[in-house]
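To start, the structure under review is shown below, and the notes come after it.
Numbering (our numbering), first residue to last: -9 to 449.
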């Protein structure tokens, strides 16, 4: 959704938003987390026994809603007729191409002579020819001569038009330019002084018009992630450059890198062999083949899995590779065929899948963070939401501890540790999060995963 500047979602949800149940609460959470706005129509469907809010219009920002209303009586099948005035963002103007004749390099005398020679027609031909033919001949001759001496050229107008320059201001600009041309053509000082006065007055008017336009534009900018893009579009903020020359002097950088190159002399093959021979290894790095059994493989896997809790820049492909490696180890232990399912044998070993292990270690780390409050900078990101009543938590089938969701509008932030761990924590049973120690929490959480108590959240 972040790729769209304007967003409108409409439809019949088939559940009542006026009720406090899991599905309406889930939709409200979805709207809040994505920084959307649901137009408050209240009840939109009417029957003999009940009025319910089934039809919704969801937009990306409340400030874009100009007005909304609904019909007094049901429009069709008990549903009201809903109206919402939505203000779209102004799209960027498309590039404009203009065609013109280029007289900048035209020889005026040669052009005049060519026209005179081409338009010489015998008087007898003029008297006996049709007027339409003569007009067409005159037109074609003029166009051919102009194409030779002043060809047609195309040019794209790339500059962004100033929206605060009205037609009245454009007319005044033309009058100012005409006055300047007259003063230069006639070498008239009075006209030149008058031009300077007009130029000063027009400059003040243009400045006021620009300030008024920017004030109105800034007051209508909605809060969110597109504030900076709007400011850049208005020309008030420049794009950030990541060049080192923005922070350091070019001479200083050149001296620094030249000093590094001169400090370390080049290493040839003899020097490299000398370094290798002078080094005394403290660890025996020799490789020896030894026979192993199932117990050794199991211990090695447990040791490896306990040390590899985090994988940076992981994606779906990497997760699949890790899971295949784990499945291959299980097939080796139980001597299974390649097409035989390994899930029952993984449960027999008491192992978790790669995805479940990540969730397990994330929850354990968050429990430790809540207990020790260290590191403090990370603990400060989680604040309990005391505004939610216990009855609402019970209706949503969640535990008694809820944390405030930070506002976000990007999928990257939605996948962050803060958002992910809050969603996981809300879905954990109350007896697990109220464990007396970290060891008890680990034990109960592991039992939950092994007993196939699935989490609602999809990671």
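Yeah, the Cβ is synthetic: ideal placement off N, Cα and C, and Gly gets one too.
Where does residue i fall in DSSP's three states?
i: residue 384; result: With a pLDDT of only 47 at residue 384, under the threshold of 50, the placement of this residue in the model should not be trusted; the figure read from the coordinates follows. Helix at residue 384.
i: residue 263; result: helix
i: residue 4; result: coil
i: residue -1; result: strand
i: residue 167; result: helix
i: residue 344; result: helix
i: residue 330; result: coil
i: residue 50; result: coil
i: residue 111; result: coil
i: residue 9; result: coil
i: residue 450; result: Nothing can be reported for residue 450: it is not among the residues displayed for the chain, which extend from -9 to 449.
i: residue 398; result: coil
i: residue 407; result: helix
i: residue 239; result: coil
i: residue 414; result: helix
i: residue 285; result: helix
i: residue 14; result: helix
Assign residue i to one of two classes, buried (16 or more other C-beta atoms within 10 Å of its C-beta) or exposed (fewer than that).
i: residue 413; result: buried
i: residue 455; result: Look at the range of the chain in this structure, -9 to 449, and you will see that residue 455 is not part of it.
i: residue 78; result: exposed
i: residue 166; result: buried
i: residue 54; result: buried
i: residue 194; result: exposed
i: residue 180; result: exposed
i: residue 99; result: exposed
i: residue 447; result: Below a pLDDT of 50, predicted positions are generally treated as unreliable, and residue 447, at 33, falls in that range; the measurement from the model is reported next regardless. That one is exposed.
i: residue 245; result: exposed
i: residue 34; result: buried
i: residue 423; result: buried
i: residue 287; result: exposed
i: residue 356; result: buried
i: residue 93; result: exposed
i: residue 350; result: buried
i: residue 416; result: buried
From the DSSP output, which residues share a beta bridge with residue i?
i: residue 35; result: 42 and 69
i: residue 147; result: 86
i: residue 142; result: 91
i: residue 27; result: 49
i: residue 75; result: 57
i: residue 393; result: 374
List the endpoints of the continuous alpha helix (DSSP H) containing residue i.
i: residue 280; result: Premise fails: residue 280 is in no alpha helix (DSSP H) and is neither H nor E.
i: residue 369; result: 366 to 369
i: residue 58; result: Note, residue 58: premise wrong, no alpha helix (DSSP H); beta strand (DSSP E) at 55 to 60.
i: residue 134; result: 121 to 139
i: residue 79; result: Where residue 79 is concerned, there is no enclosing alpha helix (DSSP H), given that its DSSP letter is neither H nor E.
i: residue 98; result: 98 to 108
i: residue 374; result: Careful: residue 374 lies outside any alpha helix (DSSP H) and carries neither H nor E.
i: residue 317; result: 306 to 324
i: residue 440; result: 428 to 440
When the distance is taken between beta carbons, is residue j closer than 8 Å to residue i?
i: residue 45; j: residue 6; result: no
i: residue 42; j: residue -3; result: no
i: residue 91; j: residue 47; result: no
i: residue 87; j: residue 25; result: no
i: residue 326; j: residue 335; result: yes
i: residue 85; j: residue 132; result: no
i: residue 352; j: residue 411; result: yes
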